[in-house]
Structures are given as structure tokens and as C-alpha cells.
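Student:
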Amino acid sequence: MQRHLLVTVSCDSSALNAVRFVAGFFQDKAGLKLTLFHTRSKAFDADMGDSHEKRQDAMRMADKLKCDAENALNQAEAQLLELGFSPENMERKIVPRQYTLAGDIIRESDSGLYDAIILGRRGVGWLEEALGGSVSRELLDKRFSCPFWLCRRADPERQDVLLCVDGSPASMRMVDHAGFMLSQEPRHDVVLLKVGDEETPGGLGTDQVMAESREALVQNGVDQERITFLVKDQGDVAKAVLKEADLGDYAAVGVGRSSVERGLLARLFTDSVSMDLFRDLSGPCLWISH
């Protein structure tokens, strides 16, 4: 089954980390469909004013923003083509700003049946700003329809995926997502990491958590030989994950989150573990699933 990714693209040609990560991570490029997405600044739709001079200025600004958007997508598309993607598996989408940058990306993710949203360095920047709370309440109350991948850097030499598991529904959704994305990527093995050997709040022991997580991967087509277990006794979960992520030189680290609470901050990072990973994980791409 083809995997469909929403790849966000900014006008900063030096910040194509989302594009570079996708190109370096996936070998089965024929099995991917990419939508290159750019949302234009509100300045494009600004009030042109009453005077002829103001209207001319607004029209020039509109033309520049449109040109910048087209150039950004051209650069992203050219890089993907050079790295082996087929033009038939790519589409471009430029939309005028309706909400905030964060809000427009979330709205697009809800309407496009995507398997993941890929954010580069600039995209992570808007997420940091959005944690302050400028997205409309309507969007805040909506459930994210697919996982986020946050790519501060793109290192094609990194490989394998570290999945943090605890038996929770959010954790199992991340495992299921990772299994689907990795089923056609034998270059990447999967390490299931559980921090602490105690039972989960749902009464699951470590062995059961690992067994259920492995079964979810296998059901998605990941060979058992690609799956390993790792249990860490370290009490600080975030530190344990960050240490293993650094030691293992992983391409990605996956975590689950709950979306029960209201607010963007609560919905994206409901505990200090996820927040610490968001702030401190710099090498691997961070995958977050609700």
C-alpha cells in the first residue's frame, strides 16, 4: 500500500530538512506519494488600501510571495527528483493563509488522508511558537488525524528506529504507524524500548508490552528478525530515551501521546517526557502519534 506524506516546505532554501529526511530515510521511493505543501503569508491577502500607491505595493508584495512560494517548491521538487523520486508520485499545493501557519497545516492534514506530516527546521519553529497559543480554539479542539515527524536535522547516514513503548493506546498507535511506514524499508530495524520493568497503569507487564508491540509490527509486515527489545531501569524516562537515541545513532525516535486534554500544548505533549524529547532530541527525527 502506498504511503502518503505531507511534506511542509518553507521559503528558506537552507531549511529543507523535511525534504532531506524523507529522501535519505526511504529506499522504497516508488511506494511513497509526497504532497509538497506551502502556506502563503497573510500579507498576500492583506487589505490593499484605498490609494493607488497602496494597491500597487500590495500587488507587488502578492507577486513576490507567490514567486517565493513557487521557487521554494521548485527547489524541494528538484532535490527530490535528483534523489530518486518520480514526478508522478509528487504533487504541489500552495494555499493562502487562513489561520496561523500551524493551523493551516493541521487543517490540511485533516483533509488529505495523509499518513504523516513532515516538518523541517522551520516547521519545528512554528510549533515552538504555537505552544504559546495563537491557533484558533476550533482547531485546538480538533484531533490530529496523523502523526507529526519533527526533523531538526537530516542525516542520511543514520538508520533504524527507536520506539518508546509502555502499553498505552497512544504507544500502540505509534507502533502501528511505525510498522506501516517501515514494512517496505528493510534498511531500518526497530528497537522497542521500555523504561522501567514495573507494570503499566493498565496492569501490563514488560513481557506483554513487548509481545503486543512486536505483534503489531509483524502484522504490518515487519520481519521479526528486524525487531529487538531493550529494557532500561533508569528512572528518568526522558534521559533514558535521549541516551539510547544518542548511543544508537537512530534515524528516528517514536513516542505516543494522549489527546484527552485541551490545548495545543496538552494535546501534543501531555507529559514532561514528550516535552523533554521535543526540546532536547536533535539528531534523530522525532515521530509523535496521538
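Quick note on numbering: the sequence shown equals residues 659 to 948 in my numbering. Ideal placement from N, C-alpha and C gives every residue a C-beta, glycine not left out.
1. With a CB to CB cut of under 6 Å and the five nearest residues on each side skipped, what residues in its chain are close to Ser947?
2. Applying the criterion that 16 or more other CB atoms from any shown protein chain within 10 Å of the CB defines a buried residue, is Lys852 buried or exposed?
3. Run through DSSP, which three-state label would Glu809 get?
4. Measuring straight from C-alpha to C-alpha, what distance separates Val665 and Asp891?
5. Does the beta carbon of Arg811 sit closer than 8 Å to a beta carbon anywhere in chain B?
6. Three or more C-beta pairs under 8 Å: does that hold for the segment 818-825 against the segment 684-694?
7. Work out the CA separation of Gly863 and Arg795 for me, nearest whole Å.
8. How would you call Asn729, buried or exposed, if buried means at least 16 neighbouring beta carbons within 10 angstroms?
9. Can you tell me the Cα-Cα spacing of Asp813 and Gly682, whole angstroms?
10. By the three-class DSSP mapping on this structure, what secondary structure does His846 have?
11. In angstroms with no decimal places, state the Cα-to-Cα distance between Trp945 and Ser829.
12. Check each candidate in Ala774, Asp904, Gln685 and Arg884 and name the one with the smallest Cα separation from Ser744.
13. What does the Cβ neighbour count give for Glu735, buried or exposed, with the cut at 16 atoms within 10 Å?
14. Is Leu739 buried or exposed, if buried means 16 or more other CB atoms sit within 10 Å of its CB?
15. Thinking C-alpha only, which one of Arg750, Ile776, Glu746 and Asp938 is nearest Ala760?
16. Between the alpha carbons of Ala910 and Asp818, how many angstroms are there, rounded?
17. Report the three-state DSSP secondary structure of Thr864 (helix, strand or coil).
18. What is the residue span of the alpha helix (DSSP H) that Leu674 lies within?
19. Taking the alpha carbon of Leu694 as the point to measure from, which residue in Phe838, Gly778 and Glu843 has its own alpha carbon closest?
Tutor: Result, derived from the coordinates:
1. Your numbering for residue 947 matches position 289 in the sequence shown. Answer for Ser947: Pro805, Arg831, Met832, His835 and Gly914, listed in chain order.
2. As a working mapping, residue 852 is identified with position 194 in the sequence shown. Buried: at least 16 other Cβ atoms inside 10 Å.
3. Locating residue 809 in the sequence shown gives position 151, counting from the first residue. Here residue 809 is Cys; the residue named in the question, Glu, does not match the sequence. The answer is coil: DSSP assigns Cys809 none of H, G, I, E or B.
4. Locating residue 665 in the sequence shown gives position 7, counting from the first residue. Locating residue 891 in the sequence shown gives position 233, counting from the first residue. Distance between the alpha carbons of Val665 and Asp891 is about 37 Å.
5. Included in the structure is just one protein chain, with no chain B present.
6. no
7. Locating residue 795 in the sequence shown gives position 137, counting from the first residue. Locating residue 863 in the sequence shown gives position 205, counting from the first residue. Summary for Arg795: the model assigns pLDDT 38, below 50, so the residue's position carries little reliability; its value from the coordinates is reported in the next sentence. Cα-Cα distance, rounded: 39 Å.
8. Numbered from its first residue, the sequence shown carries residue 729 at position 71. Asn729 should be labelled exposed.
9. Position 155 of the sequence shown holds residue 813. Position 24 of the sequence shown holds residue 682. Cα to Cα, Asp813 sits roughly 7 Å from Gly682.
10. Start at 1 with the first residue of the sequence shown, and residue 846 comes out as number 188. In the structure shown, His846 sits in coil (DSSP, three-state: anything other than H, G, I, E or B).
11. Here residue 945 corresponds to residue number 287 of the sequence shown, with the count starting at 1. Here residue 829 corresponds to residue number 171 of the sequence shown, with the count starting at 1. Taking the straight line from one Cα to the other gives about 11 Å.
12. For this step, residue 744 is matched to residue 86 along the sequence shown. If we check each option's Cα against that of Ser744, Gln685 comes out closest.
13. The residue you call residue 735 lines up with position 77 of the sequence shown. With 16 or more other Cβ atoms within 10 Å, it is buried.
14. Looking up residue 739 in the sequence shown gives position 81. Exposed: under 16 other Cβ atoms inside 10 Å.
15. Indexing the sequence shown from 1 puts residue 760 at position 102. The shortest C-alpha separation from Ala760 is found at Ile776.
16. Counting from one through the sequence shown, the residue named residue 910 turns up at place 252. Counting from one through the sequence shown, the residue named residue 818 turns up at place 160. Near 7 Å, if we compare the C-alpha coordinates of Asp818 and Ala910.
17. Taking the sequence shown and counting its residues from 1, the one referred to as residue 864 is at position 206. Residue state, collapsed to three classes: helix.
18. As a first step, residue 674 is located in the sequence shown; it is residue number 16 there, counting from the start. Where Leu674 is concerned, there is no enclosing alpha helix (DSSP H), given that its DSSP letter is neither H nor E.
19. Position 36 of the sequence shown, counted from the first residue, corresponds to residue 694. Of the listed residues, the one whose Cα sits closest to Leu694 is Gly778.
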